[in-house]
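**Q**
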Amino acid sequence: MSESKTTLPTAQRQVIYAKRPHGTPTLDCFRIATVPLDTPSEGQVLVRNDVLSVDPYIRMRMEEKDSYAPVMAIGDVFVGRTVGQVVQSRAPGFATGDWVVGRLGWQDFSVAAPADLQKIDLAAAPATAYLGALGSTGITAWVGLMEFGRPQRGETVLVSAASGAVGSVVGQIAKLHGCRAVGVAGGAAKCALVREAYGFDECVDYKAPDFAAALARAVPNGVDVYFDNVGGPILDTVLPLLNNFSRIPVCGLVSQYNATEPYGVKNLREIFNRRVTMRGFVLSDHKALWPEATRALAEAYAAGRLHYRETIAEGLENAPQAFIDMLAGANVGKQLVRLRPD
Numbered sequence: 001m002s003e004s005k006t007t008l009p010t011a012q013r014q015v016i017y018a019k020r021p022h023g024t025p026t027l028d029c030f031r032i033a034t035v036p037l038d039t040p041s042e043g044q045v046l047v048r049n050d051v052l053s054v055d056p057y058i059r060m061r062m063e064e065k066d067s068y069a070p071v072m073a074i075g076d077v078f079v080g081r082t083v084g085q086v087v088q089s090r091a092p093g094f095a096t097g098d099w100v101v102g103r104l105g106w107q108d109f110s111v112a113a114p115a116d117l118q119k120i121d122l123a124a125a126p127a128t129a130y131l132g133a134l135g136s137t138g139i140t141a142w143v144g145l146m147e148f149g150r151p152q153r154g155e156t157v158l159v160s161a162a163s164g165a166v167g168s169v170v171g172q173i174a175k176l177h178g179c180r181a182v183g184v185a186g187g188a189a190k191c192a193l194v195r196e197a198y199g200f201d202e203c204v205d206y207k208a209p210d211f212a213a214a215l216a217r218a219v220p221n222g223v224d225v226y227f228d229n230v231g232g233p234i235l236d237t238v239l240p241l242l243n244n245f246s247r248i249p250v251c252g253l254v255s256q257y258n259a260t261e262p263y264g265v266k267n268l269r270e271i272f273n274r275r276v277t278m279r280g281f282v283l284s285d286h287k288a289l290w291p292e293a294t295r296a297l298a299e300a301y302a303a304g305r306l307h308y309r310e311t312i313a314e315g316l317e318n319a320p321q322a323f324i325d326m327l328a329g330a331n332v333g334k335q336l337v338r339l340r341p342d
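Here the sequence shown stands for residues 1 to 342, numbered as in the UniProt record's numbering.
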């Protein structure tokens, strides 16, 4: 156990949930508050948050009804994955200066229990990688594809939101397992990134007027695994292209998070016709798989076979706008917010 010799402030900033959105969140749904700095009790540590991740699932927590995660109450502090440094420790096994990742508040500092933190090795990868390809984002991709997609060598794996943090990792894992990886992304620039940076065999622009025809051309042998990050009309377009006994891991429905009315899938009968297995999954249900996923991702990264991109906003005060931009698809790769310039 150790105490920081660094002089700490007496107050800190937090991002507070101020108003429920109707459709797309707006800046008045968020509020920046200044509150006294907490101090750790026995068995706790104080973490200076350095970078935080803004993720699509947080939009679901802004609803009035629970989804797989409980909704936030007005006045709550936003919570997400953060990377930071221990500045005070009253817990065995953690020392001042340790770098950690955890699910903490959108705020300058967080008091945390050791069980809520994992140490990270900055000699192995940059801190931000542990919020993306080497963190829960990458683990989500691995668990969804390997456990529920069950890809076999030579199969075609189709990935929506392929330029995003999860989708980009899914395609790279598929390639590592001998599959043909085809992505769907929004715009020519993102499709070029998917092919050139992440090594997908093909990428189709869902914004193009001939999207359905272009997608069919990109998968001449059909689709064996569709990793769905978006739902909505793209799912509808994919369903007739599925092979018999194909698998659909459902990771997210980002196209629907801001919708005021749910999209009605029109081609649902194809799931029956083609005997498709469609399975939603939540990462926290599969903690037993995390160590295997973490090892596989670390090995791929060390071998130079796992690549990622980031969009980083500067300053906690810009976290709300970064979140809104991420939901609109304005980011490339993982959307992060750096809390301090050092």
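Glycine is no exception: its CB is placed at the ideal position from the N, C-alpha and C atoms.
How is the beta strand (DSSP E) around glycine 280 delimited, first residue to last?
**A** Position 280 of the sequence shown, counted from the start, is the residue given in the question as residue 280. Unbroken beta strand (DSSP E) run through glycine 280: 277 to 280.
**Q** Given this structure, state the Cα-to-Cα distance separating serine 4 from aspartate 98, to the nearest angstrom.
**A** By 1-based counting over the sequence shown, the position of residue 4 is 4. By 1-based counting over the sequence shown, the position of residue 98 is 98. Any reading at serine 4 needs caution, since the residue's pLDDT is 45, under 50, leaving its predicted position unreliable; the model's value is listed next. Going by the C-alpha atoms only, they are around 11 angstroms apart.
**Q** Let me check one thing: in DSSP terms, what residues is leucine 336 bridge-paired to?
**A** Counting from one through the sequence shown, the residue named residue 336 turns up at place 336. According to DSSP, which records beta bridges pairwise, leucine 336 is partnered with Ser53, Ile312.
**Q** Could I get the ranges of all uninterrupted beta strand (DSSP E) runs contained in the region 58 to 97, with 3 residues as the minimum, in chain order?
**A** List check, beta strand (DSSP E) in window: 79 to 89.
**Q** Nearest-angstrom Cα distance between valine 332 and alanine 192?
**A** Here residue 332 refers to the residue found at position 332 of the sequence shown. Here residue 192 refers to the residue found at position 192 of the sequence shown. Cα to Cα, the separation comes out at about 12 angstroms.
**Q** Could you tell me how far apart the beta carbons of valine 83 and aspartate 38 are, in whole angstroms, since I believe they sit closer than 8 angstroms?
**A** Residue mapping note: residue 83 aligns to position 83 of the sequence shown, counting from 1. Residue mapping note: residue 38 aligns to position 38 of the sequence shown, counting from 1. Contact flag wrong, Cβ pair sits at about 19 angstroms.
**Q** Buried or exposed for asparagine 229, please, with buried defined as at least 16 other CB atoms from any protein chain shown within 10 angstroms of its CB.
**A** The residue you call residue 229 lines up with position 229 of the sequence shown. Per the 10 Å Cβ criterion, buried.
**Q** Pick helix, strand or coil for lysine 190, following the three-state DSSP scheme.
**A** Taking the first residue of the sequence shown as 1, we reach residue 190 at position 190. Reduced to three states, the DSSP call for lysine 190 is helix.
**Q** Should leucine 117 and valine 79 be called a contact, given that it needs their Cβ atoms to be closer than 8 angstroms?
**A** Within the sequence shown, residue 117 is the residue found at index 117, counting from 1. Within the sequence shown, residue 79 is the residue found at index 79, counting from 1. Cβ atoms of leucine 117 and valine 79: not closer than 8 angstroms.
**Q** Given arginine 20, which residues of its chain have a CB within under 8 angstroms of its CB, disregarding the five upstream and five downstream residues?
**A** The residue you call residue 20 lines up with position 20 of the sequence shown. Counting only Cβ-Cβ distances below 8 angstroms, and skipping sequence neighbours, we find Cys29, Met62, Glu63, Glu64, Ile74.
**Q** For chain B, find out if any of its Cβ atoms is closer than 8 angstroms to the Cβ of isoleucine 324; answer yes or no.
**A** In the displayed structure, chain B is absent; only one protein chain is listed.
**Q** Count the other CB atoms, across all protein chains shown, that sit within 10 Å of the CB of arginine 13; report buried if there are 16 or more and exposed otherwise.
**A** Translated into positions along the sequence shown, residue 13 becomes position 13. Answer is buried; the Cβ neighbour count reaches 16.
**Q** So, are the CB atoms of threonine 128 and alanine 165 less than 8 angstroms apart?
**A** Stepping through the sequence shown from its first residue, residue 128 is reached at position 128. Stepping through the sequence shown from its first residue, residue 165 is reached at position 165. No. Outside cutoff.
**Q** Please determine if the region 183 to 202 and the region 246 to 255 are in contact, where contact requires at least 3 C-beta pairs separated by less than 8 angstroms.
**A** Too few Cβ pairs lie closer than 8 angstroms, so no.
**Q** When we look at the beta-carbon of threonine 7 and count the other beta-carbons within 10 Å, is it buried (16 or more) or exposed?
**A** Taking the first residue of the sequence shown as 1, we reach residue 7 at position 7. Flag for threonine 7 reads exposed.
**Q** Which of the three DSSP states is assigned to valine 238 in this structure?
**A** As a position in the sequence shown, residue 238 is number 238, starting the count at 1. Note: valine 238 maps to helix in three-state DSSP.
**Q** Could you give the distance in angstroms between the alpha-carbon of threonine 140 and the alpha-carbon of alanine 303?
**A** On the sequence shown, residue 140 is found 140 positions in, with the first residue counted as 1. On the sequence shown, residue 303 is found 303 positions in, with the first residue counted as 1. Taking the straight line from one Cα to the other gives about 20 angstroms.
**Q** Is DSSP giving proline 36 helix, strand or coil here?
**A** The residue labelled residue 36 in the question sits at position 36 within the sequence shown. If DSSP states are grouped into helix, strand and coil, proline 36 belongs with the strands.
**Q** Could you give the DSSP three-state label for aspartate 224: helix, strand or coil?
**A** Residue numbering aside, residue 224 sits at position 224 when the sequence shown is read from its first letter. Note: aspartate 224 maps to strand in three-state DSSP.
**Q** Is it buried or exposed for serine 160, if we count other Cβ within 10 angstroms and need 16 for buried?
**A** Here residue 160 is taken as the residue at index 160 of the sequence shown, counted from 1. So serine 160 counts as buried.
**Q** Excluding five sequence neighbours on each side, which residues of the same chain lie with their C-beta closer than 6 angstroms to the C-beta of aspartate 224?
**A** Here the question's residue 224 lines up with position 224 in the sequence shown. Only Glu155, Thr156, Asn243, Ser246 meet the Cβ criterion.
**Q** From this set, Pro240, Ala328, His286, Ala296, which residue's C-alpha is nearest valine 169's C-alpha?
**A** Start at 1 with the first residue of the sequence shown, and residue 169 comes out as number 169. When only C-alpha atoms are compared, the closest one is Ala296.
**Q** Rounded to whole angstroms, what's the CA-CA distance from isoleucine 32 to aspartate 325? Just pull it up for me.
**A** Here residue 32 corresponds to residue number 32 of the sequence shown, with the count starting at 1. Here residue 325 corresponds to residue number 325 of the sequence shown, with the count starting at 1. Each residue's Cα considered, the two are about 18 angstroms apart.
**Q** Do proline 233 and asparagine 267 have their CB atoms nearer than 8 angstroms?
**A** Position 233 of the sequence shown, counted from the start, is the residue given in the question as residue 233. Position 267 of the sequence shown, counted from the start, is the residue given in the question as residue 267. No, the pair does not count as a contact, with Cβ atoms beyond the cut-off.
**Q** Can you tell me the Cα-Cα spacing of residue 379 and alanine 189, whole angstroms?
**A** Since the first and last residues shown for the chain are 1 and 342, residue 379 lies out of range.
**Q** Rounding to the nearest angstrom, what Cα-Cα distance links glutamine 172 and leucine 158 in this structure?
**A** Residue numbering aside, residue 172 sits at position 172 when the sequence shown is read from its first letter. Residue numbering aside, residue 158 sits at position 158 when the sequence shown is read from its first letter. Roughly 12 angstroms separates the two Cα atoms.
**Q** Which residues share a DSSP beta bridge with alanine 112?
**A** The sequence position of residue 112 within the sequence shown is 112, counting from 1. Its beta-bridge partners are Val45.
**Q** Given this structure, state the Cα-to-Cα distance separating lysine 207 from alanine 218, to the nearest angstrom.
**A** The count along the sequence shown starts at 1 and reaches residue 207 at position 207. The count along the sequence shown starts at 1 and reaches residue 218 at position 218. Looking at the two C-alpha atoms, the distance is approximately 15 angstroms.
**Q** Any chance the CB of leucine 215 is under 7 angstroms from a heavy atom of the ligand GDP?
**A** The ligand GDP is not part of this structure, which contains no ligands at all.
**Q** Taking Cβ to Cβ, would you say leucine 316 is nearer than 8 angstroms to glutamate 147?
**A** Here residue 316 is taken as the residue at index 316 of the sequence shown, counted from 1. Here residue 147 is taken as the residue at index 147 of the sequence shown, counted from 1. Not a contact, by the Cβ cut-off of 8 angstroms.
**Q** For the region 84 to 92 against the region 41 to 48, are there 3 or more C-beta pairs whose distance is under 8 angstroms?
**A** Enough Cβ pairs lie closer than 8 angstroms, so yes.
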